[in-house]
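A.B. asks: Structure provided below as structure tokens; questions to follow.
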Amino acid sequence: MEDFQQIQQLTNSQQVVRDRKCPQCGSRSETIFQKEASVATYVLSIISLFFFQFWSIFVIPIIVSATQQVTKRCYDCDKIIEKHDLFSLPSINDQILNFRFGTFAFIVSRKYAYAILAIFVIIFTYCQLTKETPAIIEEQQITNQQLDNTWTQYLKDCGSGVYQDNSVRANSHFQQTYFQNIINWEGVFLSCWEECPANLNNWIKEYYLKIKMDPTDSDSETFDIVLQVDRETHQSNIDVIKNLQQLDVVKFKAQFMSLGTDKSFHKLHLIKVEPTGRKIESIDKIQTAYEQGIFD
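For the sequence shown, UniProt numbering begins at 1 and goes up steadily by one.
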């Protein structure tokens, strides 16, 4: 009985369509129903692309199917007669969405598609926030203790030679003495690079300065320290950083972040950098910590 009523309603609606006159050409022929992307389709798809990045390939198909609008066009002149936008459809929750992936088809009502999309957004946001929480807590627990330890003393406690002999001892020294504390050292500037961190604010760039120390704790062609520069620090030191040239000797104030190993660099967070006005001819002349007998 219900199916018969739906068929009857469809027949009546088709009869009304035939009697409706096209405002463009005056034709009374049947209209053509088409699904087209709405403004919301483009806006939400672009936002999803920036917000979800790789995972947007799973979200955008749902957005496209869920935000399409039904357009009535004249059969004769192909002009738009009427549009049923997303928020003007009388039975929005009863519409059926069809997702096709090759020979596989997935059919779901619009309300369930919205529910799936909402759950996905909640889970993604929760994962991002929980991932950022340790960094926020760590930042709140910073002691900001100023150390008088020199680079040579640091190598004796946590250098690559110490790490190779006893990594547990090197890590213990680093955690107890250096982690999150601040130093003032001099080093040789090699280069700067920038990248976007993988988090919610992935459109904000972070900068990194490569520093060669004397004596060096690495190969002659690589750097010893990388200084991470956040946006605020970059803005306050932008004039100095822009004018730095390779092999310039700089004085920097930074905070320890992670311990370097025999295969990786020491990482610090830059607070301030300033030039000394000195420059070296070549980093090949810098002796290694082994050559100076620091690890003996």
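Glycine is no exception: its CB is placed at the ideal position from the N, C-alpha and C atoms.
(1) Please name the residue in C192, V249 and L247 whose C-alpha comes closest to that of R238.
(2) Taking Cβ positions, are L44 and I63 nearer each other than 8 Å?
(3) Can you tell me whether K79 is buried or exposed? The criterion is at least 16 other CB atoms within 10 Å of its CB, across all chains shown.
(4) Would D230 and L155 be called neighbours here (beta carbons separated by less than 8 Å)?
(5) Can you tell me which of A113, F189 and F179 puts its alpha carbon nearest to the alpha carbon of E281?
(6) Check this for me: beta carbons of Q255 and H269, under 8 Å apart or not?
(7) Count the other CB atoms, across all protein chains shown, that sit within 10 Å of the CB of V39; report buried if there are 16 or more and exposed otherwise.
(8) Leaving out five residues before and five after S160 in sequence, what residues of the same chain have Cβ atoms less than 6 Å from its Cβ?
(9) Whole angstroms is fine: what's the gap from I57's alpha carbon to I46's?
(10) Might you give, ordered along the chain, the residues of its own chain that have their beta carbon closer than 6 Å to the beta carbon of V250, omitting 5 neighbours on each side?
(11) Closest to R278 by CA distance: which of K35, W55, T67 and Q245 is it?
(12) Start and end of the alpha helix (DSSP H) containing Y207?
(13) For V226, which residues of its own chain have a beta-carbon under 8 Å away from its beta-carbon, when the five flanking residues on both sides are left out?
(14) Name the residue from F51, E36 and K72 whose alpha carbon lies nearest to the alpha carbon of H66.
C.D. replies: Reading off the structure:
(1) Looking at the sequence provided, one finds Ile at residue 238 rather than Arg. Ranking the options by Cα distance to I238, first place goes to C192.
(2) yes
(3) exposed
(4) no
(5) F189
(6) Yes, they are a contact pair.
(7) exposed
(8) D217 and D262
(9) 12 Å
(10) F189, V273 and P275
(11) Q245
(12) Counted as a single uninterrupted DSSP element, the stretch harbouring Y207 is not any alpha helix (DSSP H) but the beta strand (DSSP E) occupying residues E206 to K212.
(13) Y208, L209, K210, I211, F265, H266, K267 and L268
(14) With the sequence shown as reference, residue 66 is identified as Ala, and His is not the correct amino acid for it. Among F51, E36 and K72, the Cα nearest to that of A66 is on E36.
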